[in-house]
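Residue numbers (our numbering): 4 to 392.
Right, one structure below, let's go through it.
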Ligand code: GDP
Ligand code: MG
C-alpha cells in the first residue's frame with residue numbers, strides 16, 4: 004500500500020469526523036434555542052401542584068437523542084384519596100382547641116380563676132358577647148353558671164368544668180338533626196345547592212363535600228352555576244378532578260339556571276347519587292338575589308327535588324354573617340348551615356346565634372383551606388374543642 008493511499012485514508016477519516024461534529028454542534032444549538040416545550044400543546048389538565056415537575060433533559064452532545072422524554076403532564080393525574088372520617092375529626096378537633104378562639108380563652112380564664120368574684124363574672128360575660136354568642140344566650144348562660152357555681156364555688160374546678168360543658172352543649176342544641184338529606188328514593192340524584200355571599204367559601208365547600216361523599220362511596224357530579232367569573236368554574240372543576248368527579252360548566256356569563264338544569268339532567272342520565280350545585284353570591288340587591296336563586300331552584304325542580312340548601316357563612320364575619328343569614332333565609336328555604344373559617348380567629352359563639360336566628364342546624368364546619376378540612380358539626384366535639392379538651 005502506498006503512502007498516498009494512507010494519506011488519502013487519513014483525510015477521509017478526518018473529513019468524516021468534521022462532518023459528524025458539525026452535525027452534533029448544529030443539533031445542540033437548535034435544541035438549546037427551543038424552549039423546554041417538547042411537543043405541541045397537549046390538552047391536559049393543569050399539573051397538580053404536588054406532581055413533580057419533569058426535569059428538562061440535559062442536552063448531551065455525544066448522544067443526540069432525537070426524542071426528548073415524554074412530558075409527565077400527558078398522564079392523567081393520580082386521584083387523591085380523601086382523609087378517613089376518624090382521623091379527620093381528631094385532627095380538626097385539635098385545630099378548634101388550638102385556634103385563637105375568644106370563647107375558648109374566656110372559658111379557660113374562668114376555669115383557672117382562683118376566685119370567681121363579680122369582676123370575673125363581668126369579664127366572662129363580656130368575653131361571651133364579644134365572641135358572637137349574642138346577648139340573650141350569654142345572659143342565660145351566665146345566670147345558670149352563677150346559680151350553680153355559687154353553691155360549690157370554684158374550689159372545685161372539675162365540677163365547674165362539667166357544669167360549663169353541660170350548659171354550653173345545651174346552648175348549641177344537641178338534639179337537632181344535622182345529617183345531610185341525601186335520599187333519592189325515585190332513583191334520581193339528591194340535589195344539594197350551595198348558597199351564600201361571595202367569598203364565604205361556597206366553592207371550597209362544594210369541593211370538600213364532594214371529597215367526603217366520594218370517600219363514603221357515593222357518585223357525585225358538580226354543577227358550576229356561578230357563571231360570573233370563568234375562574235369560579237375552573238376552581239370547582241379542579242376540586243372535582245382531584246377525586247375523579249366531573250363538573251358541568253358553561254362559558255362565563257351563561258345563565259346560572261341553565262347550568263344547574265344541565266347538571267341535574269346529566270346527573271339523572273349518569274345515575275349519580277348526588278349533584279352539588281355551586282351558585283354565585285355577588286348579588287347586590289335582595290330582589291336580584293331572590294330572582295336568581297329562586298330561578299335556579301325552580302328550574303332544578305323541574306327535574307328533581309332539591310334535597311338540601313346549604314347556606315355558607317364565614318364565621319369570622321360575626322354580626323354581618325347573621326344579617327346575610329337572615330336575607331338568604333327569606334329568599335330560599337335554607338335547610339342547613341355551613342360555618343366556614345372556624346379555624347383562625349373565628350368566634351365560635353356564632354353557632355348558637357345563627358341556629359337560634361334561623362331555626363336551622365349548623366351541619367358542617369370548615370376548619371381550614373385544606374382539602375379535608377371540612378367536618379360534620381358535632382355539638383359534643385365542638386364544646387370539647389372550645390374547652391380545650
Ligand atoms: P366563594 O366565593 O363563596 O365560592 O368562596 P371560595 O370557596 O372561593 O373561598 C374563598 C376563600 O376562603 C378561599 O381562599 C378559601 O380557601 C377560603 N376558605 C374557604 N373555607 C375556609 C375555611 O374553612 N378556613 C379557611 N381558613 N379558609 C377557607
Ligand atoms: Mg365561588
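Note that the Cβ used here is the ideal one computed from N, Cα and C, for glycine as well.
These numbers were taken from a predicted model, which means no experiment stands behind them.
| request: Just tell me which of 183, 179 and 273 has its CA closest to the CA of residue 225. | output: Selected option, being the one with the closest Cα: 273.
| task | Between the Cα of residue 222 and those of 240, 379, 213 and 367, spot the shortest distance and give me the residue it belongs to. | result | Closest by alpha carbon: 213.
| query | Touch check for the region 227-246 and the region 81-92: three-plus C-beta pairs under 8 Å? | reply | With a cut-off of 8 Å, the region 81-92 and the region 227-246 count as touching, because enough Cβ pairs lie within range.
| What runs of the alpha helix (DSSP H), each 4 residues or longer, lie entirely inside the region 154-212? | When DSSP assignments are scanned along the region 154-212, the uninterrupted stretches of alpha helix (DSSP H) that are 4 or more residues long and fall wholly within it turn out to be 160-174.
| Status (buried if at least 16 other CB within 10 Å, exposed otherwise) for residue 259 | Label assigned to residue 259: buried.
| request: Report yes if the C-beta of residue 351 is less than 6 Å from at least one heavy atom of ligand 1; otherwise report no. | output: Every heavy atom of ligand 1 is 6 Å or more from the Cβ of residue 351, so no.
| query | To the nearest angstrom, how far is it from the Cα of residue 150 to the Cα of residue 164? | reply | Distance between the alpha carbons of residue 150 and residue 164 is about 14 Å.
| What is the rounded straight-line gap between the Cα of residue 54 and the Cα of residue 257? | Legend: pLDDT at residue 54 = 41, less than 50; position of this residue unreliable, value from coordinates given subsequently. Cα to Cα, the separation comes out at about 33 Å.
| request: Quick one: measure Cβ to Cβ for residue 284 and residue 278, integer angstroms, because I've assumed they're closer than 8 Å. | output: The pair is not a contact, with the Cβ atoms about 19 Å apart (cut-off 8 Å).
| Identified DSSP bridge partners for residue 343 | Looking at the DSSP output, residue 343 sits in a beta bridge with 317.
| query | What is the residue span of the beta strand (DSSP E) that residue 282 lies within? | reply | Where residue 282 is concerned, the enclosing beta strand (DSSP E) stretches over 277-282.
| message | Is any non-hydrogen atom of ligand 2 found closer than 6 Å to the C-beta of residue 206, if you look at the structure I gave you? | response | Yes; taking the cut-off as 6 Å, the Cβ of residue 206 has a heavy atom of ligand 2 nearer than that.
| said: Between which two residues does the alpha helix (DSSP H) holding residue 131 run? | reply: Looking at the DSSP string, the run of the alpha helix (DSSP H) that includes residue 131 is 121-133.
| said: With a threshold of 6 Å (Cβ to nearest heavy atom), would residue 256 be considered close to ligand 1? | reply: No; taking the cut-off as 6 Å, the Cβ of residue 256 has no heavy atom of ligand 1 nearer than that.
| request: Compare the beta carbon distance of residue 313 and residue 98 with 7 Å and say whether it is the shorter of the two. | output: Cβ atoms of residue 313 and residue 98: not closer than 7 Å.
| Distance between residue 182 and residue 201 (C-alpha atoms, nearest Å) | Taken atom to atom, the span from the alpha-carbon of residue 201 to that of residue 182 is near 25 Å.
| field | the region 193-207 touching the region 331-339, judged by at least three CB pairs closer than 8 Å | value | Verdict: yes, contact present.
| query | So, residue 95 versus residue 378, is the Cβ gap smaller than 7 Å? | reply | Yes, they are a contact pair.
| said: Determine whether the beta carbon atoms of residue 267 and residue 239 lie at a separation below 7 Å. | reply: No, Cβ-Cβ distance for residue 267 and residue 239 is not below 7 Å.
| query | How should residue 234 be labelled, buried or exposed, when 16 other C-beta atoms within 10 angstroms of its C-beta is the threshold for buried? | reply | With fewer than 16 other CB atoms across the displayed protein chains lying within 10 angstroms of its CB, residue 234 is exposed.
| query | residue 141: which of 93, 230 and 106 sits nearest, CA to CA? | reply | Cα-wise, what sits closest to residue 141 is 106.
| query | By how many angstroms is the C-alpha of residue 195 removed from the C-alpha of residue 308? | reply | The alpha-carbon of residue 308 is positioned some 9 Å away from that of residue 195.
| Given residue 310, which residues of its chain have a CB within under 7 Å of its CB, disregarding the five upstream and five downstream residues? | Within the same chain, residue 310 has close Cβ partners 184, 185, 186, 193, 194 and 195.
| query | Assuming residue 175 and residue 382 make a contact with CB atoms under 8 Å, what is their CB distance in whole Å? | reply | Contact between residue 175 and residue 382 is confirmed by a C-beta separation of about 5 Å, below the 8 Å threshold.
| query | How many angstroms separate the CA atom of residue 396 from the CA atom of residue 127? | reply | Residue numbering for the chain in the displayed model covers 4 to 392; residue 396 lies beyond these limits and cannot be assessed.
| task | Using DSSP bridges, identify the partner residues of residue 369. | result | BP columns for residue 369 point to 377.
| task | Determine the direct distance from the alpha carbon of residue 206 to that of residue 340, and round the result to whole angstroms. | result | Taking the Cα positions, residue 340 is about 15 Å away from residue 206.
| request: Kindly indicate which residue of 315, 320 and 327 has the alpha-carbon position closest to the one of residue 365. | output: Checking every option, the nearest Cα to that of residue 365 belongs to 315.
| DSSP state of residue 290 mapped onto helix, strand, coil | If DSSP states are grouped into helix, strand and coil, residue 290 belongs with the helices.
| field | Helix, strand or coil at residue 338 [DSSP, three-state] | value | Note: residue 338 maps to coil in three-state DSSP.
| Going along the chain, which residues of its own chain have a beta-carbon closer than 7 Å to the beta-carbon of residue 90, five neighbours each way excluded? | Counting only Cβ-Cβ distances below 7 Å, and skipping sequence neighbours, we find nothing.
| request: Kindly give me the distance between the Cβ atoms of residue 352 and residue 345, rounded to whole angstroms, as I take these residues to be in contact under 8 Å. | output: Residue 352 to residue 345, Cβ: 11 Å. No contact.
| Is the beta carbon of residue 346 within less than 6 Å of some heavy atom of ligand 1? | Using a cutoff of 6 Å, the CB of residue 346 counts as near ligand 1, since one of the ligand's heavy atoms is closer than that.
| query | If residue 396 sits next to residue 300, beta carbons under 8 Å apart, how far is it from one beta carbon to the other, in whole angstroms? | reply | Since the first residue shown for the chain is 4 and the last is 392, residue 396 is missing from the structure and cannot be characterised.
| field | Buried versus exposed call for residue 115 [16 or more other C-beta atoms within 10 Å across all chains shown] | value | Counting other Cβ atoms within 10 Å of its Cβ, residue 115 stays below 16 and is therefore classed as exposed.
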